[in-house]
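First up is the structure itself, then whatever we jot down about it.
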Amino acid sequence: MKIKNYFFIFFILYFSLSLNANELKKASIQLNWKYQFEFAGYIAAIEKGFYKEIGYDVELRELNENINVVDEVKNQRATFGIYDSSILDKYDNTKPIILLANYLKKSPLVFVTKQDIYSPTDLKNKKIMISNFELENSSLSKLLEKFKIKKEDFTVIAHEISIEKFIKGEVDVTTAYITNQLYYLQKEKVPFNILNPMNYEIYGFGGNLFSSLEYVKNNTSNINNFIKATNKGWKYALENKEEIINIIYNKYSKQKSKEALLYEAKMIENIMLLDVYKLGEVRKTLVLDELIRAQNINLIDKSVTLNDIIYSLSKYSKNYNFSLDELDYLNRKKQILMCTDPSWMPYEKIEEGKHTGIISDYISFFEKEINIPIKLYVTKSWNESLKAISEKKCDILSGVISTETRTKNMDITKPYINFPLVIATKKEEMFISNLDEVIETKKIAVVRDYAYSEVFKKKYPKNKIVLVNNVEEGLEKVLHGEIFGFIDSITTIGYKLQREYFSELKIAGKFDEKYSLGIGVRNDEPLLFSIFDKLVLKLDISTKHEILKKWINVQYDGDFDYKLFWKIFIIFIIIIFIITYRYKEVVNNKENLQKERKKLEEKNAELKKMQKALKDSLQNFEILLDSTMEAVLVFKEHDCIDINKVGYKLLGYKSKSEVIGKSLYHHVHEDFIVTLKESLNKNLESYEIEFVRTDGSTFPALVKDRYIYLNNERVKLFTIVDLTELKNKENLLFKQSKLASMGEMIGNIAHQWR
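Going by this note's numbering, the sequence shown opens with residue 598, and the numbers climb by one from there.
The structure is reproduced here in structure tokens:
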């Protein structure tokens, strides 16, 4: 019997596991190169099960020469793709793509050249190993375009995975990734130069994860999870490099050695700039620059915006579970016309043609979420707004209470604002605990066509309700004794009393009746109604709180509540007991507290002395640094972060702020950039190069560099000595020596003649 039970349990488990496996959503990622650490985040997400946790079964696909990455994704032969910054050149309005995440904040693609090639202009008439993709759609193609170098100006050699042809001298130039191929060149001790597009103000970015807009539309609830799983994979890969390298080498590709993969891993982490950007964060400024460039040369339609290209800025990044029909509707809808109550503060008001108030803040939030402008349709009264939406002159009513009459002309969403009703009277009137006490005996005003006027008339047939056009008219009638009271929401009346009737009127009662505002949508727009209903449902408490806290809090009169009094009295007694007990403890510990306070004061005095000494030390260090004869510069990742007075004056600047942030190579003469790079790689003790001042003049200099640590960060320290005077003296001595030699030679000749 037990065996049968075990067999049954085993069968159930096996069936459950099989069922779960079948439920995984199939997806593929088309890579833009071969398996290597550049794709470690995706490999880690697959191997560590991060994609399976979110219901995805993901396949990674290597690039081959017959594959066009963007076309694969556009035509949904691949679910996702990886591409560099030239992805925007491939944007197509008929089959749009959308950028989900970016991992390499700098493009690693460069030209590696022989040592006699210093500038892009030297590429003419050379043999260049380059792929068609790099030639047409990369930061390198933009570099060639900037220097007006055409394809026919050089010989194209088909690119290979290996750079063996460059090592053997069969080609003059090869494209390479600084994260990969430089490892082999350095290992083989092959001399080379680098032409990096970044040095010519062409800023690329790589490792872009993208998908087709159609896929994103159909899978809005999954995309955020997919990005998070990918980020999780990258985080794991960077924290466990050796483990992922072993997986890549043993399971994916042995094209690169483990040492080469480790070199690549460190370089990849560097260009991710994780100290500045979050994993997967898209650099919007760079994307905007690329978009403008592509639009200027008519590669992309002028109407395309960042919101269309970057997922995190798009309407699809919000998890509202919009249906495909709803998303298509939003894409087609150019604007939404809105009617409001033109005089119902603090909820809303039309002031100088603009919508303001609490409801206005909600509408602005909704507008941002769907990324469609909500335009105001101006009316003069609430009645006119109700008439406008029934006549289909506007699409929505900003805030409306659901009643039987109104649901004939519009669909009303679930409420997003709830409020109780109160009554405002003159100061001398008594508290009113129940509406029944006054509504059939005294004149009470409500705004014409407000929902609760309809409710009160049905509930109290003998009512003495007076209809007014707006809140101001109702309160004025109370003030002048024409009516007993005016009923409206606690927020509206409280707002008015605090600003205009503080000493004359009061809130004399709060009723049990509560009313709720939803968005009214014209009844011939079911998709628009469904969209707003989902927006309202997803409103979180923090958003509501942020909107409402800007407005007023209200107090009102009330009769004496004995139950509340006894509750407060009992709590008061308990508090007194606790205070008495705690006071006894405090008295007992007072001496200890005084001792501790004295110790703290002594420590504080010591800290102040140390702080003063540190400040004096820093000032002395800055004076000492500015007093040196050498220029001193500090660089972090090739960008200047500090310079002394001698340094910025030597380079022709008036202050250090003008230099900070500039590149290491900014003031190096272009003929000496390669020399500087070689010297940095060889860790020379000192070397001579030539610098350029801001006015264009040049000067020779002796340079020393070394790594130091500042605030636990590794930075490069440079000292520069101006050799101009020394060189001039050397030239003068050389000329004098030459003249002396010539004089001696002439003397010898004269002697021979004699």
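C-beta: ideal position from N, C-alpha, C; glycine also.
| said: What does the Cβ neighbour count give for Ile1009, buried or exposed, with the cut at 16 atoms within 10 Å? | reply: By the neighbour-count rule (16 or more Cβ atoms within 10 Å), Ile1009 is buried.
| query | Got a sec, what are the start and stop residues for the beta strand (DSSP E) Gly1091 sits in? | reply | Looking at the DSSP string, Gly1091 is not in any beta strand (DSSP E); the run it does join, the alpha helix (DSSP H), is Ile1087 to Glu1097.
| His1142 (DSSP reduced to helix, strand or coil) | helix
| query | According to DSSP, which residues form a beta bridge with Glu635? | reply | DSSP lists no partner for Glu635.
| task | Compute the distance between the beta-carbons of Ser1113 and Ile998, then report whether it is under 8 angstroms. | result | In contact: Ser1113 and Ile998 (Cβ atoms closer than 8 angstroms).
| query | What does DSSP give as the partner residues of Glu945 in its beta bridges? | reply | Trp941
| Which residues does DSSP pair with Glu1287 in a beta bridge? | DSSP, once it has assigned bridges, lists Pro1297 as partnering Glu1287.
| query | When the Cα atoms are used, what is the spatial distance from Lys848 to Leu858? | reply | 14 angstroms
| For Pro1017, which three-state DSSP category applies? | strand
| request: Tell me the start and end of each unbroken beta strand (DSSP E) in the segment 685 to 739 that is at least 3 residues and wholly inside, in chain order. | output: 694 to 701, 706 to 710 and 724 to 726
| message | Please identify the residue among Ala1228, Lys1233, Ile626 and Glu949 whose C-alpha is closest to the C-alpha of Lys1242. | response | Ala1228
| request: Just mark Ile760 as buried or exposed, buried being the case when its beta carbon has 16 or more other beta carbons within 10 Å. | output: buried
| Buried or exposed: where does Asn1345 fall if 16 or more other Cβ atoms within 10 Å of its Cβ makes it buried? | With fewer than 16 other Cβ atoms within 10 Å, it is exposed.
| said: Using the three-state DSSP reduction, which class does Met1027 fall into: helix, strand or coil? | reply: For Met1027, the three-state secondary structure derived from DSSP is coil.
| Cα separation between Lys601 and Asn816? | For Lys601, the predicted structure reports a pLDDT of 43, less than 50, and the residue's modelled location is therefore unreliable. The matter cannot be settled from this model.
| request: Using three-state DSSP, classify Asn1345 as helix, strand or coil. | output: helix
| said: Given a cut-off of 8 angstroms on the beta-carbon distance, is the pair Thr718 and Val770 in contact? | reply: no
| query | So Asn904 is in the alpha helix (DSSP H); what residue range does that whole segment cover? | reply | Leu903 to Ile906
| Under the rule that 16 or more other beta-carbon atoms within 10 Å means buried, what is Met869, buried or exposed? | Of the residues assessed, Met869 falls on the buried side of the cut-off, its CB having 16 or more other CB atoms within 10 angstroms.
| field | Test item: CB-CB of Gly830 and Asn699 under 8 angstroms | value | no
| query | Using the C-alpha atoms, what's the distance from Val1052 back to Val1019? | reply | 15 angstroms
| request: Rank Asn1066, Ala1298, Val1065 and Asp1121 by C-alpha distance to the C-alpha of Phe1269 and give the top, closest one. | output: Ala1298
| said: Under DSSP, the alpha helix (DSSP H) around Thr1272 begins and ends at which residues? | reply: Ile1270 to Lys1279
| query | Is the Cβ-Cβ distance between Ile897 and Leu888 less than 8 angstroms? | reply | yes
| task | Look at the Cβ atom of Ala1042, then the Cβ atom of Thr1000, and state whether they are nearer than 8 angstroms. | result | no
| query | Would the beta-carbon of Val1118 fall within 8 angstroms of that of Met942? | reply | no
| query | Among Asn690, Leu973, Ser961 and Lys1279, which one has its Cα closest to the Cα of Lys951? | reply | Leu973
| Proximity to Phe1134 [Cα-Cα], best of Glu798, Tyr959 and Lys743 | At residue 1134 the sequence reads Leu, which differs from the Phe that was named. The shortest C-alpha separation from Leu1134 is found at Tyr959.
| query | Using a Cβ-Cβ cut-off of 8 angstroms (strictly less than) and excluding sequence neighbours within five positions of Ser1127, which residues of its own chain qualify? | reply | Within the same chain, Ser1127 has close Cβ partners Ser920 and Glu923.
| request: Please report how far the alpha carbon of Ala624 lies from the alpha carbon of Asn729, in whole angstroms. | output: Distance between the alpha carbons of Ala624 and Asn729: 28 angstroms.
| message | If you follow the alpha helix (DSSP H) that Met864 is in, where does it begin and where does it stop? | response | Lys855 to Ile868
| query | Using DSSP with H/G/I as helix, E/B as strand and the rest coil, what is Arg1119? | reply | Look at Arg1119 here: in three-state DSSP terms it is strand.
| request: Can you tell me which of the three DSSP states Asp1046 falls into? | output: coil
| Does the beta-carbon of Met864 have 16 or more other beta-carbons within 10 angstroms, so that it is buried, or is it exposed? | buried
| task | Select from Glu656, Ser736, Lys723 and Phe647 the residue whose C-alpha is nearest the C-alpha of Tyr680. | result | Ser736
| Which whole-angstrom value is the C-beta distance of Glu620 and Gly652, which I expect to be below 8 angstroms? | Yes, they are in contact, since the Cβ atoms of Glu620 and Gly652 sit about 7 angstroms apart, within 8 angstroms.
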